[in-house]
Every structure is written in C-alpha cells, then in structure tokens.
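These notes are about the structure you will find just below.
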Amino acid sequence: MSLLSHRPYSHLDNDEDIFLHRRHRKNHKKKLHRCLLGTVVALSLLLAIVVVAAIQVALFSPKELPDGVKSIVHRESSAAFEDALVVRTNCGEYIGTIEDGAFVFKGVPYAKAPVGHLRWKKPISWWSDGEWCGRKERRRAHKYAKPCFHMDPETRKLRGTEDCLYLNVWSPRLDTSVTIFGADTGAAAIMALRASQQAKNLFHAAWLIGPAQTFNRSFEDLSQHNRAFFLARSGCKNDTCLRHMTAKSVLETYFWKDEPSFRIRDQNDLPIQGIYPEQLIVLDGELLQRPPLETIVAGEGEDIPTLVGTTAQATDAWPGPDDLYKWDWNQFSKYVVTSLDSFAQGIGHEALRMYNASQHNDFER
12 MSLLSHRPYS
22 HLDNDEDIFL
32 HRRHRKNHKK
42 KLHRCLLGTV
52 VALSLLLAIV
62 VVAAIQVALF
72 SPKELPDGVK
82 SIVHRESSAA
92 FEDALVVRTN
102 CGEYIGTIED
112 GAFVFKGVPY
122 AKAPVGHLRW
132 KKPISWWSDG
142 EWCGRKERRR
152 AHKYAKPCFH
162 MDPETRKLRG
172 TEDCLYLNVW
182 SPRLDTSVTI
192 FGADTGAAAI
202 MALRASQQAK
212 NLFHAAWLIG
222 PAQTFNRSFE
232 DLSQHNRAFF
242 LARSGCKNDT
252 CLRHMTAKSV
262 LETYFWKDEP
272 SFRIRDQNDL
282 PIQGIYPEQL
292 IVLDGELLQR
302 PPLETIVAGE
312 GEDIPTLVGT
322 TAQATDAWPG
332 PDDLYKWDWN
342 QFSKYVVTSL
352 DSFAQGIGHE
362 ALRMYNASQH
372 NDFER
C-alpha cells in the first residue's frame, strides 16, 4: 500500500474544511452587512435632503395673489415652526399653524362686528378700516372665534355673540386655487355667489350638496315679512330702538316655532301653497340682480367647474308625518292631492301619474 494513499488522520479533513468554510462565510456576512449599512445610510441621507428641499420649495416660495399681493410664507429662527407660518394679506400679516399636514388659520376677521349702529346694515370689510389694517404687528390666527349668537338645539341655552364675522381656513397648499363647498343653505349661498358680479374671480370651483334652486323673493317681500312678524312683536317703532335691543331679546322676538315658514317638519314635506321654508337669500338688486339660474343661462355668471349632488337619506331627520309608514295607498294619494292642489287644481293627480301611480300595489306590499 502506498504511503501517499495512506492517511491515518484523513477523517479530520472534512472538519477542517467545514471550519474554513464557516469562517469564510462569517467574514463574507460581515462585509455584506457593512455594505448594506452603508447603502441604507446613504439612501437615508439622500431622502432627507430631498424632503428638506421639498419643504423649502413648498413653504418658503412666494405665491402670487389675484390682486398682486404677495403671500409670503417663511420661518423665523427665533420662533417655533408652528408659530412661524406667516401669510401676508391686504390687511396685515397672520400667523397660522400646521395641523395634520394642512395649513390652518383660525379666527381671521373679514368684516366689522355687526353691533351697535352697524346692526342690520351691510357688512363693512376689515380692509376698509385704515386704523386696523395699517398696523404693523402680526396677529396670531390660532384660536377659533366665538360662534354667532344662537340657541343650542340640544341644551336650549343661549350661546355665542353678535361679533362673529370670522373665517377659519384649512388649506393643503398655500396657493390661489379656491374651491368652495356647501350643503343645504351653504349650497344656496354658493349659487348666489356664482350669479353675483361682486364675487367674480374669488373662487375657481364649486361643490354643492342639496342647494335651493328657487330665489323668488325680493327685498320688498322680505321687508313686508319682517314688518309683519318681527317688528310687530318687538314693540319697537324705529331702527334706533331695534339696535338697542339685546341679542337675547332679538332671538326671543323672532318666534321661530310659531311662524309657518320655520316649521322644520314642513321643510322636507310636500309643499303647500302659503307654507314654504324661509329664504335666507333674496333678490336685493345689488348682490343678486336676478335668480342664479337665469344669470348662468345668460352666460353672465362665473363659468367654473361645478359639482352638484345630494345627500342619501337627507330627510331622515324630519321625514314629514310620523305615521307615514303605516299609510295605505288611499291615504297617501289623498295626502298628495290635498297638498299639491293648493297650487292649482289637478297638480296632485299629475304628480301621482308622473311617479307611476298605476304601480301602487307594489307600494302597498
């Protein structure tokens, strides 16, 4: 037997190979770990640089407003970041905050308080006041202003103040793209703004939920209405007396629950001639010259993107008659005819025909 082929300790070769392999693999893992760590650190630094650059561009660049005023947002080294969001307006500078990724400005006044001799007069804008707008100090816009004077529907307690003409603004970006949104009364207000020449170029899109489409009451109608209901109950004979009333007296004088146009249960019920919801917007001949639809059709309103929708189950809160779900077809059809025929004979039957009255058997089941 050849001595070269005889190796008495050959059984240890495998163990040595395994040991060398493990040591090599361990060294390789260390090198790989160091490489990965270096890569992660480099990527993190790069990402941080990109984020900081984006913030600089988003926050520190000036924005151009329609009236030519610069809205400059910047950060002061002596102030906390949340306190250093400054926007320059045509009536001074306001300091806002950042909440959940949005720029927020609370309690920004837009008109003088309608109190004293200004009660029931046209709003007077803040920027018409040289004394207020001429001041150089910055104003914090961090707190909500008090709500308008009203009765809390749940507690029946009086809350708020007449000095309530303030705006709260949330904006994802500090640019000049403005979309106005409103539901119910707010949507009706947007319709009026779209038709008003005084609101031109103030917003760029509109979103309306359940707007009122009828604006058929004039300023004269409203004046007669106020004299018949409010003035007679107040006990006043002139505007001086009315302006000296307390806010509580004004609220108590307007007897909401007794006036047909404010019976909340009727607002989602079938219309009846002589009973209709109060129109908070009237054709005053100045802000609103004619009904919005006529203005828009004539091409005189704001030609902007507009979304109009409705709210599912909008009438669930005040569904009309409480026992409606118990009615049979005869009761229902009689109710429709009685209500709608108050406008003109035959309208009730026409409405039933349009809504497939012939299928009333399905209704009964």
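In the working numbering, the protein residues as written are 12 to 376. All C-beta atoms, glycine included, are put in the ideal place defined by N, C-alpha and C. None of these values were measured; they are calculated from a predicted model.
(1) So, with DSSP's three-state summary, where would you put Lys117?
(2) Determine the DSSP secondary structure at Thr251, reduced to helix, strand or coil.
(3) Taking the straight line between their C-alpha atoms, what separation do you get for Glu311 and Val347?
(4) What residue range is occupied by the uninterrupted alpha helix (DSSP H) comprising Ala379?
(5) Could you tell me which of Phe240, Glu173 and Asp314 sits nearest to Ala210, measuring between CA atoms?
(6) Could you check whether the segment 211 to 226 touches the segment 246 to 255, counting it as contact only if at least three pairs of C-beta atoms, one from each stretch, sit closer than 8 Å?
(7) DSSP state of Ser344, grouped into three classes?
(8) So, helix, strand or coil for Met365, using DSSP?
(9) In this structure, does DSSP put Ile307 in helix, strand or coil?
(10) Within 10 Å of its beta-carbon, does Ile109 have 16 or more other beta-carbons around it, so buried, or fewer, so exposed?
(11) Please name the residue in Trp181, Trp138, Ile220 and Ser136 whose C-alpha comes closest to that of Gly107.
(12) What does DSSP give as the partner residue(s) for Ser260 in the beta ladder?
(13) Looking at the unbroken beta strand (DSSP E) that takes in Ser182, where does it start and where does it end?
(14) What is the C-beta distance between Val119 and Leu178, in whole angstroms, given that I count them as a contact (C-beta under 8 Å)?
(15) Could you tell me the distance, in whole angstroms, from the CA atom of Leu304 to the CA atom of Met256?
(16) Assuming Val293 contacts Ser229 under a Cβ cut-off of 8 Å, what Cβ separation, rounded to an integer in Å, is found between them?
(17) Would you kindly check if the distance between the Cβ of Leu219 and the Cβ of Ala198 is under 8 Å?
(18) With DSSP as the reference, identify every bridge partner of Phe192, one or two as the case may be.
(19) Please state the DSSP three-state secondary structure of Gly171.
(20) Report yes or no: do three or more beta-carbon pairs, one from the segment 124 to 134 and one from the segment 186 to 194, lie closer than 8 Å?
(21) Who does Asn101 pair with in a DSSP beta bridge?
(22) Please confirm whether Phe160 and Ala258 have their CB atoms less than 8 Å apart.
(23) Check whether the Cβ atoms of Cys144 and Gly112 sit closer than 8 Å, and answer yes or no.
(24) Report the option in Phe343, Phe116, Asp174 and Thr172 whose CA atom is closest to the CA atom of Pro183.
(25) For the candidate residues Leu281, Asp250, Leu291 and Ala156, whose alpha-carbon lies nearest to that of Ala200?
(26) Residue range of the alpha helix (DSSP H) that Leu318 falls in?
(27) State the start and end residues of the unbroken alpha helix (DSSP H) segment that holds Ser139.
(28) Measuring CA to CA, which of Leu351, Ala156 and Pro134 is closest to Leu298?
(29) Residues in its own chain within less than 7 Å of His377 by CB, not counting five upstream and five downstream?
(30) Arg301 to Asp232, Cα distance in whole Å?
(31) Flag this pair as yes or no: are the beta carbons of Leu242 and Ser350 separated by less than 8 Å?
(32) According to DSSP, what are the bridge partners of Ala210?
(33) Comparing C-alpha positions only, which one of Met365, Thr251, Thr100 and Trp340 sits nearest to His128?
(34) Within 10 angstroms of its Cβ, does Tyr366 collect 16 or more other Cβ (buried), or is it exposed?
In short:
(1) Position 106 of the sequence shown holds residue 117. It is a strand residue.
(2) On the sequence shown, residue 251 is found 240 positions in, with the first residue counted as 1. Helix.
(3) Residue mapping note: residue 311 aligns to position 300 of the sequence shown, counting from 1. Residue mapping note: residue 347 aligns to position 336 of the sequence shown, counting from 1. Those two C-alpha atoms are separated by around 38 Å.
(4) The chain is shown only over 12 to 376; residue 379 falls outside these bounds and no answer can be derived.
(5) What you label residue 210 is simply residue 199 of the sequence shown in a count that begins at 1. Checked all of Phe240, Glu173 and Asp314; the closest Cα to Ala210 is Asp314.
(6) no
(7) Indexing the sequence shown from 1 puts residue 344 at position 333. In the structure shown, Ser344 sits in a helix (DSSP, three-state: H, G or I).
(8) On the sequence shown, position 354 is the one that residue 365 refers to. Reduced to three states, the DSSP call for Met365 is helix.
(9) Numbered from its first residue, the sequence shown carries residue 307 at position 296. Looking at Ile307 - three-state DSSP - the assignment turns out to be helix.
(10) Taking the sequence shown and counting its residues from 1, one reaches residue 109 at position 98. Ile109 comes out exposed.
(11) On the sequence shown, residue 107 is found 96 positions in, with the first residue counted as 1. Considering only alpha carbons, the answer is Trp181.
(12) Stepping through the sequence shown from its first residue, residue 260 is reached at position 249. The partner list for Ser260 (beta bridge, DSSP) is empty, contrary to what the question assumes.
(13) In the sequence shown, counting from the first residue as 1, residue 182 sits at position 171. Its beta strand (DSSP E) spans residues Tyr177 to Ser182.
(14) As a working mapping, residue 119 is identified with position 108 in the sequence shown. As a working mapping, residue 178 is identified with position 167 in the sequence shown. Correct: roughly 5 Å between the Cβ atoms.
(15) The residue labelled residue 304 in the question sits at position 293 within the sequence shown. The residue labelled residue 256 in the question sits at position 245 within the sequence shown. In a straight line, the C-alpha of Leu304 is about 38 Å away from that of Met256.
(16) As a working note, residue 293 is residue 282 in the sequence shown. As a working note, residue 229 is residue 218 in the sequence shown. Contact holds; Cβ gap of about 6 Å.
(17) Walking along the sequence shown from the start, residue 198 turns up at place 187. Walking along the sequence shown from the start, residue 219 turns up at place 208. Taking 8 Å as the Cβ cut-off, Ala198 and Leu219 qualify as a contacting pair.
(18) Here the question's residue 192 lines up with position 181 in the sequence shown. DSSP, once it has assigned bridges, lists Trp218 as partnering Phe192.
(19) Looking up residue 171 in the sequence shown gives position 160. Three-state result, Gly171: coil.
(20) no
(21) The residue you call residue 101 lines up with position 90 of the sequence shown. For Asn101, which the question treats as bridged, DSSP gives the partners Gly103.
(22) Position 149 of the sequence shown, counted from the start, is the residue given in the question as residue 160. Position 247 of the sequence shown, counted from the start, is the residue given in the question as residue 258. Cβ distance < 8 Å, so Phe160 and Ala258 count as in contact.
(23) As a working note, residue 144 is residue 133 in the sequence shown. As a working note, residue 112 is residue 101 in the sequence shown. Cβ distance not < 8 Å, so Cys144 and Gly112 don't count as in contact.
(24) For this step, residue 183 is matched to residue 172 along the sequence shown. Selected option, being the one with the closest Cα: Phe116.
(25) Looking up residue 200 in the sequence shown gives position 189. Ala200 has its Cα closest to that of Leu291, out of Leu281, Asp250, Leu291 and Ala156.
(26) Here residue 318 corresponds to residue number 307 of the sequence shown, with the count starting at 1. Run containing Leu318: none in the alpha helix (DSSP H); it sits in the beta strand (DSSP E), Thr317 to Gly320.
(27) In the sequence shown, the residue the question calls residue 139 occupies position 128. Note, Ser139: premise wrong, no alpha helix (DSSP H); not H, not E.
(28) Against the sequence shown, residue 298 aligns to sequence position 287. Closest option to Leu298, Cα to Cα, is Pro134.
(29) The chain is shown from 12 up to 376; residue 377 falls before or after that span and cannot be answered.
(30) Looking up residue 301 in the sequence shown gives position 290. Looking up residue 232 in the sequence shown gives position 221. Going from the Cα of Arg301 to the Cα of Asp232 covers about 14 Å.
(31) Position 231 of the sequence shown, counting from 1, holds the residue named residue 242. Position 339 of the sequence shown, counting from 1, holds the residue named residue 350. No, the pair does not count as a contact, with Cβ atoms beyond the cut-off.
(32) Here residue 210 is taken as the residue at index 199 of the sequence shown, counted from 1. Answer by DSSP bridge pairing: none, since Ala210 is not bridged.
(33) Taking the first residue of the sequence shown as position 1, residue 128 is located at position 117. Considering only alpha carbons, the answer is Thr251.
(34) If you number the sequence shown from 1, residue 366 lands on position 355. With fewer than 16 other Cβ atoms within 10 Å, it is exposed.
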